[in-house]
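In our numbering, the protein residues as written are 1375 to 1525. Here is the structure we will look at, set down as structure tokens.
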Amino acid sequence: MRVVIQRVSQASVSINGRVKSTIGVGLLIFLGIMNYDETEDMHWLTKKIPKIRIFPDNDGLMNQSVVDVNGEILLISQFTLYGNLDKGLRPSFNRSAPPDIAVRLYKAFIYALSKNCGKPVATGEFGAMMEIDALNDGPVTLIIDSRERKF
């Protein structure tokens, strides 16, 4: 699994012109699920994300987690995180998990992340065309891959 995490002041997701979810200060997370991912990958990420210290403390140092600042999370499924341009200019998504596997892991990810954060996680809609509106804070952006844990 691969996540792109952005620290935001606010973010929202709209589907067909209607806002589905909105958050204030917190994390906007794009989640890509690879065809080889398993529940162990999901558990590793959902335990790590709530503890990542990327919010400033009183001295302006990144010493606080999303949980420490009582922040919110907006999770967006994004199969294009496994896009491959090895054979040309049009991306191939053959490394992305097929929908039947991906949706199961996506739902489990939402449940586990909510549990580990102690509050519900806002989401988009799996497989939908979505418009994301975000006010990046910093900007602070991290990429974490469960297959490259030293990344």
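Every residue gets a Cβ at the ideal spot worked out from N, C-alpha and C, and that includes glycine. None of the values given here were measured: they were computed from a predicted structure.
So residue i packs on residue j, CB below 8 Å; how close in whole Å?
i: V1377; j: L1419; result: 6 Å
In the DSSP assignment, the alpha helix (DSSP H) including residue i goes from what residue to what residue?
i: D1415; result: T1413 to K1422
i: V1363; result: The structure shown does not extend to residue 1363, since the chain is modelled only from 1375 to 1525, so the question has no answer here.
Rounded to a whole number of angstroms, what is the C-alpha to C-alpha distance between residue i and residue j?
i: N1432; j: G1391; result: 39 Å
i: S1470; j: D1411; result: 9 Å
i: G1498; j: N1437; result: 29 Å
i: I1426; j: N1490; result: 12 Å
i: D1415; j: S1439; result: 21 Å
i: I1407; j: F1453; result: 6 Å
i: T1515; j: K1422; result: 15 Å
i: K1493; j: G1457; result: 31 Å
i: D1442; j: V1399; result: 12 Å
i: I1475; j: R1381; result: 28 Å
i: A1482; j: P1424; result: 16 Å
i: S1386; j: I1428; result: 20 Å
i: P1430; j: L1455; result: 28 Å
Taking residue i as part of the beta strand (DSSP E), name the residues at either end of that continuous run.
i: T1454; result: Segment: none, T1454 is in no beta strand (DSSP E) and carries neither H nor E.
i: K1461; result: Note, K1461: premise wrong, no beta strand (DSSP E); not H, not E.
i: F1404; result: G1400 to G1406
i: M1436; result: M1436 to Q1438
i: S1383; result: R1376 to I1389
i: V1393; result: R1392 to I1397
i: P1513; result: E1505 to D1519
Cβ atoms of residue j and residue i: under 8 Å apart, would you say?
i: S1488; j: V1477; result: no
i: Y1480; j: S1451; result: yes
i: I1518; j: I1379; result: yes
i: E1505; j: S1388; result: yes
i: M1375; j: L1401; result: no
i: A1502; j: H1417; result: no
i: I1465; j: N1409; result: According to the sequence shown, residue 1465 is Pro rather than Ile. Cβ distance not < 8 Å, so P1465 and N1409 don't count as in contact.
Any chance the segment 1451–1465 sits against the segment 1394–1401, with 3 or more Cβ pairs inside 8 Å?
-> no
Assess, as a yes-or-no matter, whether the segment 1509–1520 is touched by the segment 1439–1447 under the definition of 3 or more beta carbon pairs within less than 8 Å.
-> no
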